[in-house]
Structures are given as C-alpha cells and as structure tokens.
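Novice: Would you mind keeping the following structure in view while I ask a few things?
In our numbering, the protein residues as written are 636 to 766.
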C-alpha cells in the first residue's frame, strides 16, 4: 500500500498508446487515492489527424461532463475541456476514474494522454471555475 502523507495534491496520468479506434472503448482506469476535488485536467494527442473527436472521463461510471463528453478535440492535438459539472468536481477516496473514447476521430489520431490533478486543499474562491 502506498501512503500519501503530507501530499496536498496528486497528479496521475490516463493514457492510450497507439491509434484511437473503436467507439465506447475504455482506454485506461485508475482510482482516487484520497477524497478531494479535481483541480486541473490537461489532455493532448501525440498525433492529431485533422478531424474532430471526443473523449470522456468518468467517475464510477458517470461522466464528469454535465452533457456530451468532457474532452473535445478539434483539428489540433490539444483538447478543450467542456461541461465539467459540478465545478469543482469532488471525488471520494477509492472512486474509479475511467478514460473512454465514445466518439472516435475516424482518422489516425494517436497517443492520447490525460493528466488529472487532485487536491485535498480547501477550494479557494479564486480556484473555482478555472478548469
């Protein structure tokens, strides 16, 4: 067992190496090591294919997005985080966090990497709605 003493923030990566194919596929999974809130989400494709696609992050099987999918890729490698609800998004210790690709790009997009930052700190007024 790994103990996270004196750790106020924790970063973890969800990823899918290779070409993104197959809609509604679970790509990677992890769990929340402590109760806290999602401070930041960063997502990028190693290879963008010039078409749009969508990815989703789910907690215990429920999307973090209020509607649609959380990650939207346009024609570039960087994702736009959309519809996070509630914001800040709170997780409990042991919650299962899943990366999926419900809508594929239809092209050769590859090497998806998502970095999520969890925080145990109290949410400051200036940190709300910043994801």
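Every residue, glycine too, gets a C-beta built ideally from N, C-alpha and C.
1. Can you have a look at residue 671 and say buried or exposed, based on whether 16 or more other CB atoms are within 10 angstroms of its CB?
2. Are residue 677 and residue 753 closer than 9 Å when you measure CB to CB?
3. Looking at the secondary structure, which residues open and close the beta strand (DSSP E) in which residue 724 lies?
4. According to DSSP, simplified to helix, strand and coil, what is residue 751?
5. How many Å lie between residue 650 and residue 661 at the Cα?
6. For residue 698, which option in 719, 645 and 723 has the closest C-alpha, if you only look at C-alpha atoms?
7. Would you tell me roughly how many angstroms separate the C-alpha atoms of residue 746 and residue 757, rounded to the nearest one?
8. Do residue 733 and residue 664 have their beta-carbon atoms positioned less than 9 Å apart in this structure?
9. Measuring CB to CB, does residue 691 end up less than 9 Å from residue 700?
10. State buried or exposed for residue 735, treating a residue as buried only when at least 16 other CB atoms are found within 10 Å of its CB.
11. Run through the segment 649 to 694 for me and flag every whole beta strand (DSSP E) of 3 or more residues, listed as ranges in chain order.
12. What residue range does the beta strand (DSSP E) around residue 699 cover?
13. Between residue 743 and residue 707, what straight-line distance do the alpha-carbon atoms span, to the nearest angstrom?
14. Just the C-alpha distance for residue 704 and residue 715, rounded to the nearest angstrom, thanks.
Specialist: On the basis of the supplied data:
1. Answer is buried; the Cβ neighbour count reaches 16.
2. No; because the gap between Cβ atoms is not below 9 Å, this pair is not in contact.
3. Note, residue 724: premise wrong, no beta strand (DSSP E); not H, not E.
4. Per DSSP, reduced to three states, the secondary structure at residue 751 is strand.
5. 10 Å
6. Taking only the C-alpha atoms, the option nearest residue 698 is 719.
7. Taking C-alpha positions only, residue 746 is separated from residue 757 by approximately 34 Å.
8. Their beta carbons are under 9 Å apart, which means residue 664 touches residue 733 by this criterion.
9. Taking 9 Å as the cut-off, the beta carbon of residue 691 is found closer than this to the beta carbon of residue 700.
10. Per the 10 Å Cβ criterion, buried.
11. 660 to 666, 671 to 682 and 688 to 694
12. Residue 699 -> no beta strand (DSSP E), and no H or E assigned at all.
13. 16 Å
14. 10 Å
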